[in-house]
Every structure is written in C-alpha cells, then in structure tokens.
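Peer 1: Questions regarding the structure given below will be posed in turn.
In the UniProt record's numbering, the protein residues as written are 1 to 214.
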C-alpha cells in the first residue's frame, strides 16, 4: 500500500504547467500539483454522488468545455484538454462580451476549446459537455438556422478536421471546465495555461486523476 501511495503522489506531482496570460508577458513560474496537499487538508476532498470523470481511451485526448452565464449578463467560457492518464495538456478561459445567454456561452467554449485542441495535439479528440441542448444542436443532421448557426457550423467544421466524437455528460463529470468558466466570468479573465490551470481547477483535476487510478 505504501508503494502504491508513493506512486500516486509521484504521478500527481508530475502534472505541472506554465501559466500564460494572453495580455501580459509569459510567466516563468510553475504550478505544482501534489497529492500531499490533500493529505494535509482532508476536508478539501468532498465525496459527492453522481458519475465521475473518466480518462479518454488510449491514443485519444479528452476536451471538456463549459460556459458560465450570470444574471447580470456576464459570461465566460472554460475548457481543458487532458490525456489518457488524466494529465492536463492545456486549459483556457475567456471572458465573453455581448453574450446572449448560457447556450451561446456553452457553444463558444466548445468552439474555442476544439480549435485549441487541434493546435495542441495530433491525437483524436473526445469532446464532453454537460449542456444537453448544445449537444443536440451540434449533433443534429439538419442545417441549423438559429441565431447560433455560425457557432454550430464552425464546431462541426472543426470536428471534421480530426477524428472526433462528442458526448453529453453529467455536471459531476464536468467540474474542471465549469470552475474555469466561472473563473473567467467572475474574474473577467482571458488566459491560457499549458499543463496547468487556476488553483480550483487543478484541485478538481487532481481528484479526477485519483478517481481514475483508484
């Protein structure tokens, strides 16, 4: 058991990244994820009901996206790309201006996340989102003539550029991108992280990793 614990801690310690602010000079700092932090603060891990996030199959990457929309009209998008071991390849957030509603925020997150995923990895992409409405619009066979048509057409085009699939998941499986989208909306931030993300997202991604390895 002790050996297994050391392996898990060592693996999680390897999930590090460089934070990149799109509107400032590139940071030279690193953010380290460690299972020891959670051992010292057991209250940080909260067990909840519902399905858990699962890593993509070998040879694929998984893109999780989400949108956040406030009653005051503020909006943000969040996205995270992870490999088949649960390690973060990139995460990104964007403050959305002139966003109509939560559905537009969801679709915007999917479009931008997929565009980044194609740039950051050559592997097939599995897309996950928790909005059933956005999922059905993207999956629909007919031509979309709604106000969201340009976003939907661009998502379908991007999916055609790479082996890809899209899945609707429970909100309990989409916590990382949800936290990043809220970070963008509440903080008014537009940022990209390579191999890392905001502190709350890092904690949630670590829990996802632990669930995958357990």
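Where a beta carbon is used, it is the ideal one built from N, C-alpha and C, also for glycine.
The structure presented is a predicted model; accordingly, all values stated were derived computationally and were not measured.
Going by beta-carbon coordinates alone, are residue 184 and residue 86 separated by less than 8 Å?
Peer 2: By 1-based counting over the chain shown, the position of residue 184 is 184. By 1-based counting over the chain shown, the position of residue 86 is 86. No, Cβ-Cβ distance for residue 184 and residue 86 is not below 8 Å.
Peer 1: How many Å lie between residue 21 and residue 92 at the Cα?
Peer 2: Along the chain shown, one-based indexing puts residue 21 at 21. Along the chain shown, one-based indexing puts residue 92 at 92. For residue 21, the predicted model reports a pLDDT of 41, less than 50, meaning its position is unreliable and no value from the coordinates is stated.
Peer 1: Checking 8 Å against the spacing of the C-beta atoms, do residue 96 and residue 81 come in under that value?
Peer 2: Walking along the chain shown from the start, residue 96 turns up at place 96. Walking along the chain shown from the start, residue 81 turns up at place 81. Not in contact: residue 96 and residue 81 (Cβ atoms no closer than 8 Å).
Peer 1: Residue 89: which of 98, 138, 125 sits nearest, CA to CA?
Peer 2: Within the chain shown, the letter at position 89 stands for residue 89. Comparing Cα-Cα distances from residue 89 to each of 98, 138, 125, the minimum goes to 125.
Peer 1: Would residue 158 and residue 196 be called neighbours here (beta carbons separated by less than 8 Å)?
Peer 2: Locating residue 158 in the chain shown gives position 158, where the first residue counts as 1. Locating residue 196 in the chain shown gives position 196, where the first residue counts as 1. Against a cut-off of 8 Å, the Cβ pair of residue 196 and residue 158 comes out as no contact.
Peer 1: Based on the DSSP output, what are the partners of residue 106 in its beta bridges?
Peer 2: Here the question's residue 106 lines up with position 106 in the chain shown. Paired residues: none, contrary to the question.
Peer 1: Could you work out which residue in 143, 139, 133, 162 is closest to residue 119 when comparing CA atoms only?
Peer 2: By one-based count along the chain shown, residue 119 stands at place 119. Of the candidates 143, 139, 133, 162, the one whose C-alpha sits nearest the C-alpha of residue 119 is 162.
Peer 1: Are at least three pairs of beta-carbons, each pair with one atom in the stretch 148-155 and one in the stretch 94-111, less than 8 Å apart?
Peer 2: The stretch 148-155 is in contact with the stretch 94-111.
Peer 1: How big is the Cα-Cα spacing for residue 182 and residue 78?
Peer 2: Residue mapping note: residue 182 aligns to position 182 of the chain shown, counting from 1. Residue mapping note: residue 78 aligns to position 78 of the chain shown, counting from 1. Cα to Cα, residue 182 sits roughly 8 Å from residue 78.
Peer 1: Only counting the same chain, and skipping five residues up and downstream in sequence, which positions put a Cβ closer than 6 Å to that of residue 99?
Peer 2: For the purposes of this step, residue 99 is taken as residue 99 along the chain shown, with counting starting at 1. Cβ neighbours of residue 99 beyond the five flanking positions: 75, 105.
Peer 1: Considering only their Cβ atoms, is the gap separating residue 101 from residue 56 smaller than 8 Å?
Peer 2: If you number the chain shown from 1, residue 56 lands on position 56. If you number the chain shown from 1, residue 101 lands on position 101. No; because the gap between Cβ atoms is not below 8 Å, this pair is not in contact.
Peer 1: According to DSSP, is residue 245 helix, strand or coil?
Peer 2: Shown here, the chain extends from 1 to 214; a query on residue 245 therefore has no answer.
Peer 1: By how many angstroms is the C-alpha of residue 133 removed from the C-alpha of residue 144?
Peer 2: Translated into positions along the chain shown, residue 144 becomes position 144. Translated into positions along the chain shown, residue 133 becomes position 133. In a straight line, the C-alpha of residue 144 is about 13 Å away from that of residue 133.
Peer 1: Does the Cβ of residue 49 have 16 or more other Cβ atoms within 10 Å, making it buried, or fewer, making it exposed?
Peer 2: Here residue 49 refers to the residue found at position 49 when the chain shown is read from its first residue. By the 10 Å Cβ count, residue 49 comes out exposed.
Peer 1: Name the DSSP beta bridge partners of residue 210, please?
Peer 2: Numbered from its first residue, the chain shown carries residue 210 at position 210. Residue 210 is not bridged to any residue.
Peer 1: Which runs of the beta strand (DSSP E) fall wholly inside the UniProt domain "RNase H type-1" (65-184) and span at least 3 residues, in chain order?
Peer 2: With a minimum length of 3 residues, the continuous beta strand (DSSP E) runs that stay inside the UniProt domain "RNase H type-1" (65-184) are 75-82, 88-96, 125-129, 164-168.
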